[in-house]
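At position 280 of the sequence shown (counting the first as 1) the number is 292 in our numbering, and the numbers step up by one without a gap.
Cβ coordinates follow ideal geometry from the N, Cα and C atoms, glycine included.
Treat the numbers as computed from the prediction; the structure is a model and nothing was measured.
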Amino acid sequence: AVRADAVYAAGTDGTLLGMDPATGSQRWRSNAGKPLSAGVGADASVLVVGTNKGEVLAFDASGKPLWQAKVPSEVSGPPKLADGTAIVWSLDGKIFGLSAADGSRKWVYQRATPPLTVRRFAGGIVDRGGLFTGTPGGKLLAINVATGALAWEGNVATPKGATELERIADVTSLPVIDERQVCAAAYLGRVACFDTLRGTLTWSRDFGSLGGLALDNRYLYLTDDKGAVQALDKTTGASVWKQDKLSQRFPSGPVVVGDYLGVVDIEGYLHLLDRNDGNLVGRLATDGKASLSQPVAAGNAAIWQSVGGNLVSASAK
C-alpha cells in the first residue's frame, strides 16, 4: 500500500513493513504470525491484511495488532480502506464491508461465480463514496461503500467459447477512474469505459490485458497480451500509439511516472516512454527481478514489489 506519508508491504511469511516513501528506510517491522494471501490495505491509521484461511488481520500505523475478523474463504486481493470501512474480497466471490474500528461486519455483497476463474485479483478502487471492482465473469460493479448496495454493473466482457477455459473473462486488474468515467480490462478480452455515475458504456475495445491500466488527462494506457504498450484516446477508445519493442521483455502494466509512462520488464528494468508518442526515452536497472504486480505511482516515482522479495522505488527526473 502506497500513501503520501508511508509505504506498507507484506510477505507471504507474515512479515509486515512500514517504510519512508522518500528514502525507503524502514520505520518498523512486524509479523502477523500467519502466512498471508493478500497484500496490505491502509488508510491513515489502520492496515489490513488477509490469510488463505479467511482471517482478516488489522494493525495500527506502527504495526501493532488491533483486531481480527473472519470471512468464509481465502482473502483473494489487497483489502481497501475507505470511509471507516475495510473492504475485503474472498475467493468464493463475496465482498465484505467490515468496520475499520473493530472488524465487525457492516455488509456483504454476493453474486454467482463461474466454475473456472483466474487466481489473480487486484481488488478495487474507491472514489466519491463508491467502490469500483471487477468480477469473475467480466462485470464491473459500482457499490456504495457505506451500505454495500449495488449502484450499477457494467459488462466489460461476455464469456464465450465451448469450454470453461475459453469462457474465462475475469476482470482481474484494478479499474482506473477520472472525473467522468471508470475503465476496466478483462482477461484476454476487452477494455471498456463507463460513465461513473450512471454506469452506461462509453466505449469498448477488444484488447487482452492482464497487467492493468493507467490514465492521465488525455490517454488510457495498457500493456496488451502480446507485450505491446498502447495508448488509447480515453474519450473515444481510438488508438493513439503502440510501442512493441519491449514485447520480448514481458513488460508489466503501465504507470504514469512524472512526465513519462513506465513499465517494468522481466529483468527488473524500469523503461520510460514518452506519453505523447510512445518513444522509449530511457531505462533504469533495479534488482534484476520482474515486478509481482503493476507498479504504483508515488509522485515522480514508481514503486513495486519484485519477485525477488524487494520493494523497489525508481524516480523519473
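- prompt: Quick one, are the C-beta atoms of Gln80 and Gly115 less than 8 Å apart?
  reply: The count along the sequence shown starts at 1 and reaches residue 80 at position 68. The count along the sequence shown starts at 1 and reaches residue 115 at position 103. Contact flag set, yes.
message: Check for me: the beta strand (DSSP E) holding Gly30 runs from which residue to which?
response: The sequence position of residue 30 within the sequence shown is 18, counting from 1. Unbroken beta strand (DSSP E) run through Gly30: 27-31.
message: Cutting at 7 Å between CB atoms, please list the residues of its own chain near Gly45, excluding the five before and the five after it.
response: For the purposes of this step, residue 45 is identified with residue 33 of the sequence shown, where counting begins at 1. Taken in chain order, the residues that qualify are Gly26.
- prompt: Can you find a C-beta in chain B that's less than 8 Å from the C-beta of Ser259?
  reply: Among the protein chains of the structure shown there is no chain B, as only one such chain exists.
- prompt: Can you give the beta carbon distance from Ser251 to Gly224, rounded, assuming they're within the 8 Å contact cut?
  reply: Here residue 251 refers to the residue found at position 239 of the sequence shown. Here residue 224 refers to the residue found at position 212 of the sequence shown. Taking C-beta atoms under 8 Å as the contact rule, Ser251 and Gly224 fail to qualify, at a distance of about 19 Å.
query: Does DSSP put Gln306 in a helix, in a strand, or in coil?
result: Residue mapping note: residue 306 aligns to position 294 of the sequence shown, counting from 1. Three-state result, Gln306: coil.
query: Taking Ala21 as the reference, which of Asp237, Ser305, Asn156, Ser327 has the closest Cα?
result: Your numbering for residue 21 matches position 9 in the sequence shown. Residue Ser305 is the option with its Cα nearest to Ala21.
message: Once the 5 residues before and after Leu103 are set aside, which same chain residues still bring their CB inside 6 Å of it?
response: Here residue 103 refers to the residue found at position 91 when the sequence shown is read from its first residue. Closer than 6 Å at the Cβ level, and outside the excluded window around Leu103, lie Ser85, Glu86, Ser88.
task: Tell me whether the beta-carbon of Val308 lies closer than 8 Å to the beta-carbon of Val275.
output: To locate residue 308, count along the sequence shown from 1; it is residue 296. To locate residue 275, count along the sequence shown from 1; it is residue 263. Against a cut-off of 8 Å, the Cβ pair of Val275 and Val308 comes out as no contact.
Of the residues Val68, Ser37, Gly249, Gly141, the one placed nearest Phe108, counting alpha carbons only: Stepping through the sequence shown from its first residue, residue 108 is reached at position 96. For Phe108, the closest alpha carbon among the candidates Val68, Ser37, Gly249, Gly141 is that of Val68.
field: Rounded straight-line distance, which links the Cα of Gln38 to that of Ser111
entry: Translated into positions along the sequence shown, residue 111 becomes position 99. Translated into positions along the sequence shown, residue 38 becomes position 26. The straight-line gap from Cα to Cα measures roughly 29 Å.
- prompt: Would you say Gly142 and Asn156 are within 8 Å of each other, going by their C-beta atoms?
  reply: Working through the sequence shown from its first residue, we reach residue 142 at position 130. Working through the sequence shown from its first residue, we reach residue 156 at position 144. In contact: Gly142 and Asn156 (Cβ atoms closer than 8 Å).
- request: Tell me the start and end of each unbroken alpha helix (DSSP H) in the stretch 30-94 that is at least 4 residues and wholly inside, in chain order.
  value: Counting only runs that start and end inside the stretch 30-94, there is no alpha helix (DSSP H) element of at least 4 residues.
- request: Give the straight-line distance between the Cα atoms of Ile315 and Pro263, rounded to the nearest whole angstrom.
  value: On the sequence shown, residue 315 is found 303 positions in, with the first residue counted as 1. On the sequence shown, residue 263 is found 251 positions in, with the first residue counted as 1. Approximately 15 Å between the Cα atoms of the pair.
query: For the beta strand (DSSP E) that Arg210 lies in, which residues bound it at each end?
result: Within the sequence shown, numbered from 1, the residue matching residue 210 stands at position 198. Arg210 -> no beta strand (DSSP E), and no H or E assigned at all.
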